[in-house]
Structures are given as C-alpha cells and as structure tokens.
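43 is the number of the first residue of the sequence shown in my numbering; add one for each residue after it.
Even glycine gets a Cβ: it sits at the ideal position worked out from N, Cα and C.
These notes concern the structure reproduced below.
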Amino acid sequence: MHLTTLSVIFATLQIVMGRAVPGTENTKLDPFMCTSFGKGCQLKLDVNTGRFTCTCSINPYNLPDLARFYTEVNYSGIEYQGYGNYKTCQNLPDTWDKKTRSMKSNLDPSVICCVFTDVDCVKEGRHWTPVGESVQQFQGFYALGVRSFMCNLWVDETSTCDGL
Numbered sequence: 043m044h045l046t047t048l049s050v051i052f053a054t055l056q057i058v059m060g061r062a063v064p065g066t067e068n069t070k071l072d073p074f075m076c077t078s079f080g081k082g083c084q085l086k087l088d089v090n091t092g093r094f095t096c097t098c099s100i101n102p103y104n105l106p107d108l109a110r111f112y113t114e115v116n117y118s119g120i121e122y123q124g125y126g127n128y129k130t131c132q133n134l135p136d137t138w139d140k141k142t143r144s145m146k147s148n149l150d151p152s153v154i155c156c157v158f159t160d161v162d163c164v165k166e167g168r169h170w171t172p173v174g175e176s177v178q179q180f181q182g183f184y185a186l187g188v189r190s191f192m193c194n195l196w197v198d199e200t201s202t203c204d205g206l
C-alpha cells in the first residue's frame with residue numbers, strides 16, 4: 043500500500059516538474075518564437091503555400107499602411123507591418139532593433155520611405171537613404187539593421203520621403 047502511494051506521488055511530481063520547465067509549452071505553441079517579436083505578432087497559415095508565417099500588425103488608430111519589414115532578404119521571414127502618419131518618424135519596436143533585412147513600401151497608395159540606422163530618424167552622423175516603392179534587401183550599413191523610418195506619398199520621381 044505504501045509502495046503504491048509512493049509510486050503515485052513520484053509520478054505526480056515528475057509530471058509537475060516536466061510541466062514546470064521554462065519555455066517548453068511556449069515552444070510547442072509557437073515554434074517560430076513569433077510572439078517574442080512583440081505585441082500584435084501571431085502565426086498565420088498561408089493557405090496558398092501551406093506555410094506558416096509570423097506577422098506583426100498593430101494599428102489601433104487606423105493609420106495609413108506605410109511599409110512591410112522582414113527579418114530575411116527577399117521579403118521573407120517574420121513580417122512587421124508599419125503603420126503611421128505620413129512625414130512622421132516611426133521607430134521600429136525594440137524587439138525589431140537591428141533585425142530587418144528587407145522591406146516593401148506600400149503600393150496602394152504608393153509611398154516612398156526613408157530608412158535610418160538609428161531611432162528617431164536621426165540623419166546627422168547616421169546613415170540614411172530614401173528607398174523607392176520596394177527594395178530587395180538592405181546592404182552595407184543597412185545590413186546591420188534599420189531602426190526607424192519615415193514615409194510620404196509618392197507622386198513622381200521627384201518625390202521625397204521626409205518632411206525634415
């Protein structure tokens with residue numbers, strides 16, 4: 043009787059200890075660690091390809107859709123949807139700091155964006171560049187990661203991205 047009771051107690055302890063291991067349940071629910079990229083990030087199934095993607099989208103104030111940022115080149119990896127007002131600096135979330143490798147500016151309506159390697163769209167002493175409707179990947183200084191951006195409506199080839 044005591045042996046059976048002890049066996050049940052030990053088995054219960056092993057189950058509880060197995061469930062108490064940090065991160066094991068989260069990994070099963072989120073194998074891509076998608077939610078670690080911030081609020082609004084979730085796994086989505088692309089029904090056309092059958093692949094899961096991690097998409098981050100927060101737009102509580104129905105602001106204009108400015109750009110999409112990706113953790114990998116060629117518009118792949120985890121996607122962050124950037125919303126905000128035109129001619130206004132947008133800092134990428136802290137969890138995206140130096141993790142962007144490619145981006146697409148919105149095409150409907152078309153926008154042109156400036157990307158910056160520092161927060162708050164600082165261009166003095168920092169690297170920054172305007173990018174057109176789309177760019178395959180960030181190279182050179184931008185390969186280290188974009189930290190902020192500013193966009194404006196694209197009218198023609200003389201359009202500028204910033205309102206500085």
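Ile154 is bridged by DSSP to Asn194.
Under the DSSP definition of a beta bridge, Thr113 lacks any partner. Shortest Cα-Cα distance from His169 to any of Phe191, Pro151, Ser152, Asn148 involves Phe191. The residues Gly187, Arg189, in chain order, have a CB closer than 8 Å to that of Asp139 in the same chain once the five nearest residues on each side in sequence are set aside. In this structure, the alpha-carbon of Val157 lies about 19 Å from that of Pro151. The closest CA to that of Lys146, considering only Ile100, Val89, Tyr112, is found on Tyr112. Non-local beta-carbon contacts of Asn127 in its own chain, meaning distances under 8 Å to residues more than five positions away in sequence, involve Leu105, Pro106 in chain order.
Counting along the chain, no beta strand (DSSP E) covers Asp162, and no H or E run does either.
In the same chain as Ser201, and ignoring 5 residues on each side of it, the C-beta atoms closer than 6 Å to its own belong to Ile154, in chain order. A distance below 8 Å between beta-carbons, with the five flanking residues on each side excluded, links Asp162 to the following residues of its chain, in chain order: Cys131, Asn133, Ser190.
Distance between Glu121 and Glu199, taken at the CA atoms: about 27 Å. Per DSSP, Glu199 has no beta-bridge partner at all.
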